[in-house]
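Right, one structure below, let's go through it.
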Amino acid sequence: GAVVSQHPSRVICKSGTSVKIECRSLDFQATTMFWYRQFPKQSLMLMATSNEGSKATYEQGVEKDKFLINHASLTLSTLTVTSAHPEDSSFYICSARAPQGPGYGYTFGSGTRLTVV
Amino acid sequence: QKEVEQDPGPLSVPEGAIVSLNCTYSNSAFQYFMWYRQYSRKGPELLMYTYSSGNKEDGRFTAQVDKSSKYISLFIRDSQPSDSATYLCAMKNNNAGNMLTFGGGTRLMVKP
C-alpha cells in the first residue's frame, strides 16, 4: 500500500534555531500534502496544505513566516520551523493522498516529535 | 461548537469486550467518513471508511453511519490489548477540496 515517510521522527533543538521536517511519498506521486500539528491528548490540527509547484495554503492562525512549507517535487514536501521557541514543541504529522488508495487515499507519516529547549 | 464531536475518553474495557466509539457532526455536507487508529507517538492509520448510511464490516471492526442523525460509530468486537490506542473519526466534504475534518479522538485502553 501507499507509504508516506516522515523524517526525522524526533528532534531536539535549541531555542532560536530552525528545524526542517521532510515528508516523502514513497510509491506514489502526491500533488497535495498536508501538515498537521498535534498537542498531547488532542486531535490533529491542520496547519497548511502543501501544493506541488505553488505556494502552500495556510489555515487561519498559522504563521506562514514561522512555518515554511516547500513542495518542490511530487514526492517531497518539507516543513521548516524557523526560529523555534519552546511553544513550538509539538508532534508534527504530514499526510498525502495516494490516488488509488482506500478511504480517499489519505496516508499519514509517522510523525515528528519536536522539542525546543 | 466543533464540526465534529468525539468523547475523549479514556475508555477502559476488559479484553474480549465489545467497544463502541462514536462521533457526531453538524455539517450535513460531510459525505465521506473514516476511522483512524493512532498509537502513541505514531501517525494515524486508516481502519475503516464509508460514504453511505448503514453498516460496513471488516473483521472485528464495524463502521456505522446514520446520516439522518449525523452520527457515526465504530464497533470493535473481541477487543484485544493491542487495540489500545486513540481512535479518530474523520470526515470529508466533497465540495470543500481535499481537507479532512477530525474529531478529537477517543483514547481506548483494553486491559488483559
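So the sequence lines, in the order shown, correspond to chains A and B.
Position one of the first sequence corresponds to residue 13 (the working numbering), numbered consecutively onward.
Position one of the second sequence corresponds to residue 15 (the working numbering), numbered consecutively onward.
By construction, the Cβ of each residue, glycine as well, lies at the ideal position given by its N, Cα and C atoms.
In this text the structure is predicted, and so the values were computed from the model without any measurement.
Any residues in the region 40–59 of chain A with a beta carbon nearer than 8 angstroms to a beta carbon of chain B? Which ones, in chain order? So the list reads T44, F46, K53, Q54, S55, L56, L58, given in the order they occur along the chain.
Buried or exposed, going by whether 16 or more other CB atoms sit within 10 Å of the CB of G73(B)? Result: exposed.
Does the Cβ-Cβ distance between N36(B) and S87(B) come in under 7 angstroms? Taking 7 angstroms as the cut-off, the beta carbon of N36(B) is found closer than this to the beta carbon of S87(B).
Bridge partners of G2(A), per DSSP? With chain A running from 13 to 129 in the structure shown, residue 2(A) is simply not present.
Contact between the region 24–33 of chain B and the region 66–83 of chain B (3+ Cβ pairs under 8 angstroms): Touching, no, given that fewer than three Cβ pairs across the two stretches are closer than 8 angstroms.
Opposing strand residues paired with N69(B) [DSSP bridges]: DSSP lists Q78(B) as the beta-bridge partner residues of N69(B).
Taking any Cβ of chain B, which residues in the region 70–98 of chain A have a Cβ under 8 angstroms from it, in chain order? Residues passing the 8 angstroms Cβ filter: none.
Considering only DSSP beta bridges, list what E19(B) is partnered with. According to DSSP, E19(B) shares a beta bridge with T38(B).
Who are the Cβ neighbours of S17(A) in its own chain at under 7 angstroms, not counting the five residues just before and after it? Excluding the 5 residues flanking it on each side, S17(A) has same chain C-beta neighbours closer than 7 angstroms at R36, L38, G121, in chain order.
Taking Cβ-Cβ distances shorter than 9 angstroms, what residues in chain A pair up with N112(B)? Those within 9 angstroms of N112(B) in chain A are T44, F46, T61, R109, Y116, Y118.
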